[in-house]
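Protein chains in written order, with this note's numbering: chain A, 1 to 267; chain B, 1001 to 1284. Shown next, in structure tokens, is the structure this report addresses.
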């Protein structure tokens, strides 16, 4: 790492208490042992923003995401999801989540429709039957990722890309205000990546959904991002528009069109 | 009361066996469907072993073994799920702890009771032909509980199986749901132990599911098929046991295994000859 990037470079400072902020993490710290995994991370995502969180393997991306979603408790710092601590958020449908490396349950006897319908429980509650509106929402979510014709296909009968798109449809089924995706396009085909990109842009532009995307492969969405946040060794290395990543002010030694390549270089 | 049913169910003891068997044959695969998908196929076996300790405790104390087995199995089921969820032990290690503690505890308690007598053996290997009307009532009550819980909770349990983290983000109470499934497993084991015995109880929870998931397209249909195939195994097993004077519990399990092999073979052949076409009817 070159000396000039040893301190965080934040080009878009977040005003405190911005009402458009849907997700805020302040001073987040976490460690599994003596070495910190997260060392004072500040991150805010506002309505309608399309943010990519990138960094080499082991940089703390997944841990940060787990803390932001309330799956883990930080050793220090605070998180607010729609103004509440994650565990106290009652309007769960406002968050759509596609987990990393969602297990490919090829042998699970379930249709894509059933998988997407499982997302409805965040809105209906876990013990209620699905209503007509829920069924329409499931059909719509499947159509939006171009899987309407495969609604009754079994998980084991579809490609990895289609499987992943079904999980994205599940995250989108309640029309969330915040969509969090952890490595959603890893290992999926080009056609699925293109449809995935179209779905995200539609959510951001037409529904003002905030999107936080953690990925190594930004190729399909690189031109649509509003912000890139670079995490390295548990610290924010860069937080700003993608076009400044490659200019003279940020000496990462990379070019914005080579995002996957420079990510390797950061390790 | 004896109903006017044809052979082999013309006798009262066969009618009681049929009633108890049908309840268990229909209910055990319902819970088994969730266990199989969670890669916890042996959970029923582990809890069966713990239930054996409960049976021995009941015989030692001179109370109903059914209910002592229920209490001990419930405690064991919750303990193993807690060990797994809390990541204090891997799933298979937690089950191994349950397995061996249960069977060893049962043997020790049986020893204290005097010896491994016929009472203990009827729970180890099943004794469906000796179920009493009171047994049938208890088994039917437990079965009703299982059916009602699955009808109410299947979608939540399915969501947890798909991905526990995503279920947590969606606000589902993942720990209570997982503990609830473990408790329902205990209920099912206790209901089934008079039918096939604690040593074979897991077979009725798993084998019909293995067959069902090869023919059903959706998760919901898998629940229905598994339940139906479990019931078929019970009826066919009882008929064969009566006709050839076989051990009924083990015969039921062998029929269930036969159904699994038959569906696996059929779908393998069908899959080869219809590689391009999906199984089952076209979507509505």
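For each residue, glycine too, the CB sits at the ideal point set by N, CA and C.
- When C-beta distances to chain B are compared with 7 angstroms, the residues of the segment 52–77 of chain A below that value are 69 and 71, in chain order.
- Taking CB atoms only, residue 1179/B has no neighbour in chain A less than 7 angstroms away.
- Within chain A, not a single residue places a beta-carbon under 9 angstroms from that of residue 1264/B; the smallest gap is close to 12 angstroms.
- Residue burial annotation: residue 136/A is exposed, with fewer than 16 other C-beta atoms found within 10 angstroms of its C-beta.
- When rounded, the separation of the alpha-carbon atoms in residue 1161/B and residue 1033/B is 11 angstroms.
- One thing to note: residue 45/A has its Cβ no nearer than 7 angstroms to the Cβ of residue 236/A.
- Counting along the chain, the unbroken alpha helix (DSSP H) around residue 1031/B starts and ends at 1012–1037.
- In the three-state reduction of the DSSP assignment, residue 21/A falls in the strand class, which pools E and B.
- For residue 35/A, there is no enclosing beta strand (DSSP E), since its DSSP letter is neither H nor E.
- A distance below 7 angstroms separates the beta carbons of residue 1044/B and residue 1201/B.
- The segment 139–152 of chain A makes no contact with the segment 1182–1195 of chain B, as fewer than three CB pairs between them are under 8 angstroms.
- Nearest CB-CB separation between residue 111/A and chain B: below the 7 angstroms threshold.
- Here residue 99/A is near residue 1166/B, since their CB atoms are less than 7 angstroms apart.
- In terms of Cα proximity to residue 83/A, the closest of 179/A, 29/A and 25/A is 25/A.
- The residues 1174, in chain order, have a CB closer than 6 angstroms to that of residue 1168/B in the same chain once the five nearest residues on each side in sequence are set aside.
- From the beta-carbon of residue 193/A, no residue of chain B is found nearer than 7 angstroms; the closest lies around 21 angstroms away.
- Between residue 139/A and the set 68/A, 119/A and 225/A, the nearest pair of CA atoms involves 119/A.
- In the structure shown, residue 152/A falls within a coil segment according to DSSP collapsed to helix, strand and coil.
- For the pair of segments examined, the segment 1228–1236 of chain B was found to touch the segment 1246–1261 of chain B: the number of CB pairs separated by less than 8 angstroms reaches three.
- Boundaries of the alpha helix (DSSP H) around residue 1059/B: 1043–1061.
- The straight-line gap separating the alpha-carbon atoms of residue 1110/B and residue 163/A is approximately 52 angstroms.
- Approximately 7 angstroms separates the beta-carbon atoms of residue 1058/B and residue 1069/B; this is inside 8 angstroms, confirming the contact.
- Under the 10 Å beta carbon count, residue 35/A is surrounded by fewer than 16 other beta carbons and is classified as exposed.
- Contact annotation: residue 1139/B and residue 1023/B have beta-carbon atoms nearer than 7 angstroms.
- Counting other Cβ atoms within 10 Å of its Cβ, residue 1067/B stays below 16 and is therefore classed as exposed.
- Contact of residue 38/A with chain B is not assigned, every C-beta pair being separated by 7 angstroms or more.
- Judged by DSSP secondary structure, residue 1180/B falls within the alpha helix (DSSP H) whose first and last residues are 1174–1196.
- At a cut-off of 7 angstroms between beta carbons, residue 108/A contacts chain B.
- As the crow flies, the alpha-carbon of residue 1191/B is around 11 angstroms from that of residue 1128/B.
- Residue 43/A is bridged by DSSP to 25/A.
- The Cβ neighbour count for residue 214/A, taken over all protein chains shown within 10 Å, is at least 16; the residue is labelled buried.
- Secondary structure note for residue 239/A: its beta strand (DSSP E) is the uninterrupted segment 235–240.
- In the three-state reduction of the DSSP assignment, residue 133/A falls in the helix class, which pools H, G and I.
- The beta carbons of residue 28/A and residue 86/A sit no closer together than 7 angstroms.
- If you look at residue 182/A, you'll find it in the beta strand (DSSP E) that goes 178–182.
- For residue 121/A, at least one C-beta of chain B is nearer than 7 angstroms to its own C-beta.
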